[in-house]
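**Q** All the letters of the sequence shown, read from the start, carry residue numbers 177 to 389 under the working numbering.
Ideal Cβ positions, reconstructed from N, Cα and C, are used throughout, including at glycine.
All values reported here derive from a predicted model rather than from experimental measurement.
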Amino acid sequence: MKEPKLVTKCVAQINKIITIPVTIKCRIGVDEMDENKGLYDFVNQVKDGGCNTFIIHARKAWLKGLSPKDNRSIPPLNYSRVYKLKEQFPDLRIVINGGLNSIQECLVHLSYVDGVMMGREAYQNPYVLKEVDRLIFKKNKDAKTRKQLLIDYLPYLEDQQKEGVRLNLVTRHLMGLFKGLKGAGEIRRVLSKIDKYEDPVQEYKKIIRGLIE
Numbered sequence: 177m178k179e180p181k182l183v184t185k186c187v188a189q190i191n192k193i194i195t196i197p198v199t200i201k202c203r204i205g206v207d208e209m210d211e212n213k214g215l216y217d218f219v220n221q222v223k224d225g226g227c228n229t230f231i232i233h234a235r236k237a238w239l240k241g242l243s244p245k246d247n248r249s250i251p252p253l254n255y256s257r258v259y260k261l262k263e264q265f266p267d268l269r270i271v272i273n274g275g276l277n278s279i280q281e282c283l284v285h286l287s288y289v290d291g292v293m294m295g296r297e298a299y300q301n302p303y304v305l306k307e308v309d310r311l312i313f314k315k316n317k318d319a320k321t322r323k324q325l326l327i328d329y330l331p332y333l334e335d336q337q338k339e340g341v342r343l344n345l346v347t348r349h350l351m352g353l354f355k356g357l358k359g360a361g362e363i364r365r366v367l368s369k370i371d372k373y374e375d376p377v378q379e380y381k382k383i384i385r386g387l388i389e
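1) To the nearest angstrom, report how far apart Asn247 and Ala237 are at their CA atoms.
2) Using the Cβ count rule (16 or more neighbours within 10 Å means buried), how would you classify Met376?
3) Please give the ranges of any beta strand (DSSP E) in the segment 254 to 321, keeping only runs that are unbroken, at least 3 residues long and fully inside the region.
4) Candidates Lys213, Arg269 and Ser243: which alpha carbon is nearest Thr199's?
5) If you draw a straight line from the alpha carbon of Asp267 to that of Leu353, how long is it in whole angstroms?
6) Three or more beta-carbon pairs under 8 Å between the segment 249 to 256 and the segment 215 to 226, yes or no?
7) Would you list the one or two residues that DSSP bridges to Phe230?
8) With DSSP run on the structure shown, which of helix, strand or coil describes Gly205?
9) How about Ala234 and Asn191: are their beta carbons less than 8 Å apart?
10) Sorted by chain position, which residues of the same chain lie with C-beta nearer than 7 Å to Leu261's C-beta, five sequence neighbours on each side aside?
11) Considering Cα atoms alone, identify which of Leu367, Ile196 and Glu211 is closest to Asn228.
12) For Asn316, which residues from the same chain have a beta carbon less than 8 Å from its beta carbon, with the 5 sequence-adjacent residues on both sides left out?
13) Ordered along the chain, which non-local residues of its own chain (more than five positions away) have a Cβ less than 7 Å from that of Val366?
14) Could you work out which residue in Glu281, Lys372, Leu326 and Gly291 is closest to Lys201 when comparing CA atoms only?
15) According to DSSP, is Arg365 helix, strand or coil?
16) I need the straight-line Cα distance from Gly275 to Gln300, nearest angstrom please.
17) Under a three-way DSSP split, which group does Arg385 fall into?
18) Return yes when the Cβ of Gly226 is within less than 8 Å of the Cβ of Val187, no when it is not.
19) Residues in the same chain with beta-carbon distance under 7 Å from Lys306, minus the five sequence neighbours each way, listed in chain order, please.
20) Spatial neighbours of Lys381 within its chain, please: CB distance less than 8 Å, with the 5 preceding and 5 following residues excluded, ordered by chain position.
21) By the 10 Å Cβ neighbour count, where 16 or more other Cβ atoms means buried, how is Thr321 classified, buried or exposed?
22) So, using beta-carbon positions, are Asn344 and Lys323 closer together than 8 Å?
Right, here's the structure in full:
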């Protein structure tokens with residue numbers, strides 16, 4: 177964000193090579209940068225390189241004094257600044273990001289911007305997305321249960337086992353699926369050490385059989 181001319185040149189060059197849309201993800205500002213003028217000037221310039229979609233994390237990035245981890249939570253959220261950006265550039269696609277933890281929150285933001293990006297919550301609690309089709313895309317269909325998702329995942333697990341992959345590298349990405357579920361701690365314990373069992377796939381199937389939602 178401190179070098180909009182360089183970013184604009186990069187976007188323009190990328191557009192010469194690829195056929196898919198180029199998008200930019202940024203914060204509302206960096207360090208002492210003014211959130212209003214700085215963000216406006218950045219977007220106003222970079223769009224001329226051929227970028228029509230901007231994904232805006234509604235926090236400043238403090239490069240001086242805060243770690244990357246702290247930057248994800250300490251700088252205050254300023255959603256209204258992202259809303260204002262959409263008003264300033266109605267022809268651009270503005271997507272909001274930062275601190276989104278529920279589909280209901282996303283629906284509120286969609287009244288002001290074109291899209292939402294859910295980050296850490298989608299990984300740490302993926303079942304939060306179960307209502308996306310019904311509430312956002314207005315599709316009249318039921319979400320799969322956690323048990324069905326585990327059943328669907330089983331062939332992949334078995335394929336990875338045949339290829340000699342450590343299965344805890346495969347099951348680690350399932351941990352968040354059980355957030356808020358009774359017995360989640362025990363399920364995570366089994367999945368985290370699944371390679372230590374004599375028959376890991378059978379242990380996985382036991383989880384499926386015992387899952388109560």
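**A** The short version:
1) 6 Å
2) Checking the sequence, you will find Pro at residue 376 rather than Met. The residue in question, Pro376, is buried, as its Cβ has 16 or more Cβ neighbours within 10 Å.
3) Listed in chain order, they are 269 to 273 and 291 to 293.
4) Arg269
5) 37 Å
6) Contact between the segment 249 to 256 and the segment 215 to 226 is absent, because fewer than three Cβ pairs lie under 8 Å.
7) Ile200 and Ile270
8) Looking at Gly205 - three-state DSSP - the assignment turns out to be strand.
9) no
10) Short of 7 Å from the beta carbon of Leu261, and not among the five residues preceding or following it, lie these beta carbons of its own chain, in chain order: Leu215, Val219, Ile232 and Ile270.
11) Ile196
12) Arg310
13) Taken in chain order, the residues that qualify are Glu379 and Ile383.
14) Gly291
15) helix
16) Their Cα atoms are separated by approximately 13 Å.
17) Per DSSP, reduced to three states, the secondary structure at Arg385 is helical.
18) Yes, the pair counts as a contact, with Cβ atoms nearer than the cut-off.
19) Ala319
20) Excluding residues within five positions, the ones whose Cβ falls inside 8 Å are Leu330.
21) exposed
22) no
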